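Chemist:
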Amino acid sequence: AQLSQALNGVSDKAKEAKEFLVQLKNILQQIQENGLDYEACLVAQCDALVDALTRQKAKLLTKVTKEREHKLKMVWDQINHCTLKLRQSTGLMEYCLEVIKENDPSGFLQISDALIKRVQVSQEQWVKGALEPKVSAEFDLTLDSEPLLQAIHQLDFIQMKCRVPPVPLLQLEKCCTRNNSVTLAWRMPPFTHSPVDGYILELDDGDGGQFREVYVGKETLCTIDGLHFNSTYNARVKAFNSSGVGPYSKTVVLQTSDVAWFTFDPNSGHRDIILSNDNQTATCSSYDDRVVLGTAAFSKGVHYWELHVDRYDNHPDPAFGVARASVVKDMMLGKDDKAWAMYVDNNRSWFMHCNSHTNRTEGGVCKGATVGVLLDLNKHTLTFFINGQQQGPTAFSHVDGVFMPALSLNRNVQVPLAPLGCPHLGPGGPP
């Protein structure tokens, strides 16, 4: 039994050895084929270099030929011009000498003035520099071939091929959502030998659409803000290096919040704005109106929020509404083209956008009043409420884009955000 067991072991090893020999023979064949391929590739690459050098040599020779022809033309033009002037001057001198030899003084006096002028004109034609070469025989062309020679001498094989990075691993325990932001984290697998130059994070549009790049860099943690509420996003990541881009990771699915929770933003508000109560209450240190924004951004869906009037002194005009992030913050909300607002005093209200005041409506606010804002991005409308009742008609239509809750007020007003566990609305209020 022991011998039989030993023979079986030897038989298995013999079988493995035969398979190994077949593998080695296949490697021999692959070496031959790969060697021929590499030789052909090397010849083609070197021939391409020679062709490129030949083409460049032809271009350089053309430049030298053009420069030579230009210099020759300049010299021949100067020779012809100088020869003509020389002939004219020589002829004039010979004529003057013949005139001087004449024995008729009266005849000489008649033409002497004209001859003097002709001689002076001829002399003036030999201007300064006329007897100096316009071009040099030297060629102001220098070919610096040393860098190319050094590159040729350094031309050699790269011994080690760099492989593309492997698949990154998403760290699901660190991936999370907050309001309309998602955070993703990933890492490379252990014992990764390929270098990594960076990562490409891709996200779809939250509606099953195509992926798009949202981050390219070396970090392994990324937060994407400004997404849609109540939406499902798919995310994936891949790594890259000098050899190329690696495969995608598995896709992670992230759900943004179905309800937006926000406070006043202490970072984007005007410096005169004073926030308290964990950034849920706003007032101002100035008698002028100042703007503060909310921390959420809306681009689709239906959103409703309320604000209480805690303090209302001297009949100011606080303004409630929505705005772009770039809204002007040192004047009343709605005076520029980046905000849509309702401003209201103790008796009446107006809608305002681009400093255009419309729809004056009776009914104002006082201490204890509640102002509601309904942003319906499905219907692209903005509507306002005071104490649960709609204030005027639909304030604005055709609103589209990304909006943030916004408020402007001065030191006579204090406004906190109202919790909306179950908002109280009378007839005509939002559903």
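Quick note on full-length UniProt numbering: the sequence shown kicks off at 1 and runs consecutively. For every residue, glycine included, the Cβ atom is placed at its ideal position computed from N, Cα and C. Note that the coordinates shown come from a computational prediction; the quantities given were computed from them, not determined experimentally.
1) May I ask you to verify whether the segment 293–309 touches the segment 224–244, counting CB pairs closer than 8 Å and requiring at least 3?
2) Which whole-angstrom value is the C-beta distance of A325 and N180, which I expect to be below 8 Å?
3) One question on the structure: do K367 and V292 come within less than 8 Å of each other, judged by their Cβ atoms?
4) Tell whether a beta-carbon distance below 8 Å holds between P266 and V415.
5) Just list the residues that DSSP pairs D376 with in beta bridges.
6) Using 8 Å as the Cβ pair cut-off and three pairs as the minimum, do the segment 141–153 and the segment 191–202 touch?
7) In the DSSP assignment, what residue or residues form a beta bridge with W186?
8) State the Cα-Cα distance for the pair K218 and S242, rounded to the nearest angstrom.
9) Note down the Cα distance separating D258 from P189, rounded to an integer number of angstroms.
10) If you run the structure through DSSP and keep just helix, strand and coil, what is Q391?
11) How is the alpha helix (DSSP H) around S11 delimited, first residue to last?
12) Rounded to a whole number of angstroms, what is the C-alpha to C-alpha distance between Y95 and V135?
13) On the premise that G321 lies in contact with A406, defined as a C-beta separation below 8 Å, what is that separation, rounded to the nearest angstrom?
14) Can you tell me whether residue 440 is buried or exposed, with buried defined as 16 or more other CB within 10 angstroms of its CB?
15) Please report the distance separating the alpha-carbon of G421 from that of V164.
16) Starting from A297, follow its DSSP beta bridges and name the residues at the other end.
17) Go through its chain and collect everything with a Cβ distance to S397's Cβ below 7 Å, but skip five positions before and after it.
18) Less than 8 Å separating the beta-carbons of E306 and T394?
19) Does DSSP put A114 in a helix, a strand or coil?
20) In angstroms, rounded to a whole number, what distance separates the CA positions of E69 and L86?
21) For the segment 235–249 against the segment 166–176, do three or more pairs of beta-carbon atoms, one drawn from each stretch, fall closer than 8 Å, so that the two count as touching?
22) Let me check understanding here. Comparing Cα to Cα, which of C284, V121, D288, A151 lies closest to Q88?
23) Determine the direct distance from the alpha carbon of G198 to that of G246, and round the result to whole angstroms.
24) In terms of alpha-carbon separation, which member of W350, V214, G388, E362 lies closest to L374?
25) Quick one: what does DSSP say L148 is sitting in, helix, strand or coil?
26) Whole angstroms are fine: how far does the CA of A323 sit from the CA of P316?
27) Under a Cβ-count criterion, where at least 16 other Cβ atoms within 10 Å of its own Cβ denotes burial, should F20 be classed as buried or exposed?
28) Note down, in chain order, each residue of its chain lying with its Cβ closer than 6 Å to the Cβ of T183, except the 5 sequence neighbours on either side.
29) Per the contact definition of three or more C-beta pairs closer than 8 Å, is the segment 148–158 in contact with the segment 102–117?
30) So if DSSP puts N260 in a beta bridge, which residue, or which two residues, is it bridged to?
31) Within a Cβ cutoff of 6 Å, which residues of the same chain sit near G294, ignoring the five residues on either side of it in sequence?
32) Using DSSP with H/G/I as helix, E/B as strand and the rest coil, what is Q154?
33) What is the DSSP secondary structure of S194, counted as helix, strand or coil?
34) What number of angstroms, rounded off, separates the C-alpha of R55 from the C-alpha of V64?
35) Roughly how many angstroms separate the alpha carbons of F385 and V216, rounded to a whole number?
36) Give me, in chain order, the residues of the same chain whose beta-carbon lies closer than 7 Å to that of R311; leave out the 5 immediate sequence neighbours on both sides.
Modeler: In terms of the structure at hand:
1) yes
2) The pair is not a contact, with the Cβ atoms about 14 Å apart (cut-off 8 Å).
3) no
4) no
5) V302, T381
6) no
7) L170
8) 14 Å
9) 34 Å
10) coil
11) 2–101
12) 34 Å
13) 6 Å
14) Nothing can be reported for residue 440: it is not among the residues displayed for the chain, which extend from 1 to 431.
15) Bear in mind that a pLDDT of 38 at G421, under 50, signals an unreliable position, so the number given afterwards is only what the model happens to contain. G421 and V164: Cα-Cα distance of roughly 52 Å.
16) Partner(s): none; A297 has no beta bridge.
17) H380, T381
18) no
19) helix
20) 25 Å
21) yes
22) V121
23) 11 Å
24) G388
25) helix
26) 21 Å
27) exposed
28) C176, T223
29) no
30) Going by the sequence as given, residue 260 is Ala instead of Asn. Bridge partners of A260: none, in fact.
31) F262, M404, P405
32) helix
33) coil
34) 14 Å
35) 44 Å
36) K367, V413, Q414
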